[in-house]
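Beneath this line is the structure, given in structure tokens, with notes to follow.
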Amino acid sequence: MSNSRAILKEKIFYGLLSIVFITIPFPKYSLNTQSIIVLCIYWLFYNSLSSKRKYLKENKRSFLIVSSLFWISLLGLFYTDSFHGVLSDLFIPFLIFPLIFFSVKGITKEKVGFLLDYFSIATIIASLIGLLKAFWLMYNGLGDYFYYLDFAKVLGIHTTYFSLFTCVSIIHVTNKLKLSSRLKLKDWLNLCAIIYMLFILYMISAKISFISLWVVLILGFVWSYKSMKKKHVFFGFFFISCLPLVFFSPNLQTRIRHEKASNINERVILWEAVGKSYLEGNIFLGKGTGDGHKGLVEEYKKAGYEIAAKNEYNAHNQFLEQLLYFGLIGLTALSYIFFYSFRSMLLGRELTYMLILVVFLLFMMSESLLKRHSGEVLFPLLVTIFLSTSKDEIK
Numbered sequence: 001m002s003n004s005r006a007i008l009k010e011k012i013f014y015g016l017l018s019i020v021f022i023t024i025p026f027p028k029y030s031l032n033t034q035s036i037i038v039l040c041i042y043w044l045f046y047n048s049l050s051s052k053r054k055y056l057k058e059n060k061r062s063f064l065i066v067s068s069l070f071w072i073s074l075l076g077l078f079y080t081d082s083f084h085g086v087l088s089d090l091f092i093p094f095l096i097f098p099l100i101f102f103s104v105k106g107i108t109k110e111k112v113g114f115l116l117d118y119f120s121i122a123t124i125i126a127s128l129i130g131l132l133k134a135f136w137l138m139y140n141g142l143g144d145y146f147y148y149l150d151f152a153k154v155l156g157i158h159t160t161y162f163s164l165f166t167c168v169s170i171i172h173v174t175n176k177l178k179l180s181s182r183l184k185l186k187d188w189l190n191l192c193a194i195i196y197m198l199f200i201l202y203m204i205s206a207k208i209s210f211i212s213l214w215v216v217l218i219l220g221f222v223w224s225y226k227s228m229k230k231k232h233v234f235f236g237f238f239f240i241s242c243l244p245l246v247f248f249s250p251n252l253q254t255r256i257r258h259e260k261a262s263n264i265n266e267r268v269i270l271w272e273a274v275g276k277s278y279l280e281g282n283i284f285l286g287k288g289t290g291d292g293h294k295g296l297v298e299e300y301k302k303a304g305y306e307i308a309a310k311n312e313y314n315a316h317n318q319f320l321e322q323l324l325y326f327g328l329i330g331l332t333a334l335s336y337i338f339f340y341s342f343r344s345m346l347l348g349r350e351l352t353y354m355l356i357l358v359v360f361l362l363f364m365m366s367e368s369l370l371k372r373h374s375g376e377v378l379f380p381l382l383v384t385i386f387l388s389t390s391k392d393e394i395k
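For reference, each letter of the sequence shown is one residue, going 1 to 395 in UniProt numbering.
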């Protein structure tokens with residue numbers, strides 16, 4: 001009886017966790033927030049307090065490293081000049097997810113696979129809904145919504161984040177794909193899903209998504225080269241060579257011509273202004289939670305970057321955001337999360353997990369990914385689950 005009850009409790013736990021994954025790609029953030037709250041409440045009763053302590057003790061290093069961003073943002077409350085909007089800068093998910101997943105029995109790779117399946121399917125469904133909206137608007141003569149920011153309007157999510165969701169899904173589905181002379185039905189479905197998601201990336205026209213896919217394609221090819229068949233080596237070289245050609249496509253060329261803060265020269269101006277703003281604060285502690293952008297608009301104006309000043313651009317780089325808000329301590333914390341995670345994945349030979357983390361790393365180099373709900377939830381959620389799944393705990 002107790003065994004069947006434990007199985008039921010586990011099914012409910014993973015059912016609620018699945019809902020968290022499913023609701024991330026959809027535009028209503030409140031649904032995802034509510035699903036996280038329900039998961040937290042259920043976790044309180046999922047296992048005993050002694051079990052939670054036991055597992056947390058076993059995973060204390062992972063817990064402290066991943067949750068470090070929360071503790072640093074909490075510390076930032078003590079030296080900030082303004083408490084306006086500090087809740088959004090507290091990095092609460094970096095406490096919630098490590099607390100939940102490092103205090104329960106380790107999640108198996110099979111379960112992680114199912115969770116990523118749900119996430120990928122949800123991403124595809126969300127994009128299909130966006131496409132249907134775009135077709136409906138075009139059919140009724142209300143405009144063309146099949147490109148970049150216009151397409152983001154029908155998706156209901158910023159292009160950066162939806163392209164991130166799509167990249168993660170492509171990596172996961174590609175890992176499931178088994179190429180052979182006779183493809184099974186599920187392999188055909190996976191192949192169609194990959195082609196469709198590449199088409200969605202083309203519609204979104206986020207350059208960083210194609211750069212990220214190109215990098216992970218190279219890394220995956222190098223990792224698997226010795227075990228690949230000759231024809232797979234040929235296809236690998238072919239795709240690595242052809243993917244950069246997407247930058248010469250109409251959508252990407254249009255994006256490049258009309259970009260505002262995406263070309264290299266303007267990014268350099270932006271990041272120089274961010275650097276000057278950082279040096280005006282405490283180098284080690286930053287400006288505090290909620291105050292990271294204090295004085296940044298003035299630096300944009302001094303640099304003559306009127307578009308950035310008018311639209312109050314953020315740093316467009318998560319690592320620079322850490323410097324602004326929490327100084328060298330914040331930058332070190334985020335960097336060490338990546339280092340620790342990559343090392344753990346390398347020891348466990350978890351190629352898929354590593355490639356997904358590479359995508360996050362590249363996105364964070366060009367965008368302030370943790371400034372919105374989607375990035376602030378998905379990154380700690382995946383990092384925590386990947387670390388709890390890894391068999392090789394770093395000593």
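Note that the Cβ used here is the ideal one computed from N, Cα and C, for glycine as well.
These numbers come from a predicted model, not from an experiment.
Item: Applying the 10 Å Cβ sphere with the 16-neighbour rule, what's the burial state of L44?; Value: exposed
Item: Excluding the 5 residues preceding and the 5 following L355 in the sequence, name in chain order all residues of the same chain whose CB lies nearer than 7 Å to its CB.; Value: I171, V216, L219, G220
Item: Distance, Cα to Cα, V383 vs L320?; Value: 21 Å
Item: Could you check which residue in I107, G281, V168 has the C-alpha nearest to that of F326?; Value: G281
Item: Going by other Cβ atoms of all chains shown within 10 Å of its Cβ, with 16 needed for buried, is P250 buried or exposed?; Value: exposed
Item: Between which two residues does the alpha helix (DSSP H) holding T332 run?; Value: 318-347
Item: Quick check on G286: does DSSP put it in helix, strand or coil?; Value: strand
Item: Can you give me the Cβ contacts of F91 inside the same chain, cut-off strictly under 6 Å, excluding the 5 residues immediately before and after it?; Value: L69, F70, S73
Item: Could you check the C-alpha separation between Y145 and V359 for me, to the nearest Å?; Value: 27 Å
Item: In angstroms with no decimal places, state the Cα-to-Cα distance between I208 and L8.; Value: 42 Å
Item: State the DSSP-derived secondary structure class of M354, mapped to helix, strand or coil.; Value: helix
Item: To the nearest angstrom, report how far apart R61 and F101 are at their CA atoms.; Value: 13 Å
Item: Exposed or buried, which one is Q322 when buried takes at least 16 other CB atoms within 10 Å?; Value: buried
Item: Would you identify the three-state DSSP class for M203, choosing helix, strand or coil?; Value: helix
Item: Quick one, which of T389, I307, Y300 has its alpha-carbon nearest S341's?; Value: T389
Item: Does the distance from the CB of L387 to the CB of V104 come in under 8 Å?; Value: no
Item: By the three-class DSSP mapping on this structure, what secondary structure does residue 452 have?; Value: For the chain, the structure presents residues 1 to 395; residue 452 sits outside this window and is missing.
Item: So, N190 versus L177, is the Cβ gap smaller than 8 Å?; Value: yes
Item: Taking A309 as part of the alpha helix (DSSP H), name the residues at either end of that continuous run.; Value: 306-311
Item: Mark I287 as exposed unless 16 or more other C-beta atoms lie within 10 angstroms of its C-beta, in which case mark it buried.; Value: The sequence shown places Lys at residue 287, not Ile. So K287 counts as buried.
Item: From N59, F162, K186, pick the residue whose C-alpha is nearest to that of I125; which is it?; Value: F162
Item: Counting only the same chain and skipping the five closest in sequence on each side, list residues whose C-beta sits under 6 Å from that of N175.; Value: T352
Item: For H373, which residues of its own chain have a beta-carbon under 8 Å away from its beta-carbon, when the five flanking residues on both sides are left out?; Value: Y29, N32, T33
Item: V297 to I307, Cα distance in whole Å?; Value: 10 Å
Item: Would you check if the distance between the CB atom of S366 and the CB atom of H293 is smaller than 8 Å?; Value: no
Item: So L381 packs on P27, CB below 8 Å; how close in whole Å?; Value: 18 Å between Cβ atoms; not a contact.
Item: Give me the Cα-Cα distance between I385 and M345, rounded to the nearest whole angstrom.; Value: 12 Å
Item: Grab the span of the alpha helix (DSSP H) containing M138 for me, first residue to last.; Value: 109-139
Item: Please classify H373: does DSSP put it in a helix, a strand, or coil?; Value: helix
Item: Identify, in the order they occur along the chain, each residue of the same chain with its Cβ nearer than 6 Å to the Cβ of I269, setting aside the five sequence neighbours on each side.; Value: A303, Y305
Item: Rounded to whole angstroms, how far is the Cβ of Y14 from the Cβ of K111, which I believe are closer than 8 Å?; Value: 6 Å
Item: Can you tell me the Cα-Cα spacing of K230 and L213, whole angstroms?; Value: 22 Å
Item: Tell me which same chain residues have a C-beta within less than 7 Å of the C-beta of I107, skipping the five on either side of it?; Value: F101, I385, S388, T389
Item: Just mark F248 as buried or exposed, buried being the case when its beta carbon has 16 or more other beta carbons within 10 Å.; Value: exposed
Item: Would you kindly check if the distance between the Cβ of L328 and the Cβ of Q318 is under 8 Å?; Value: no
Item: How many angstroms separate the CA atom of K11 from the CA atom of S4?; Value: 11 Å
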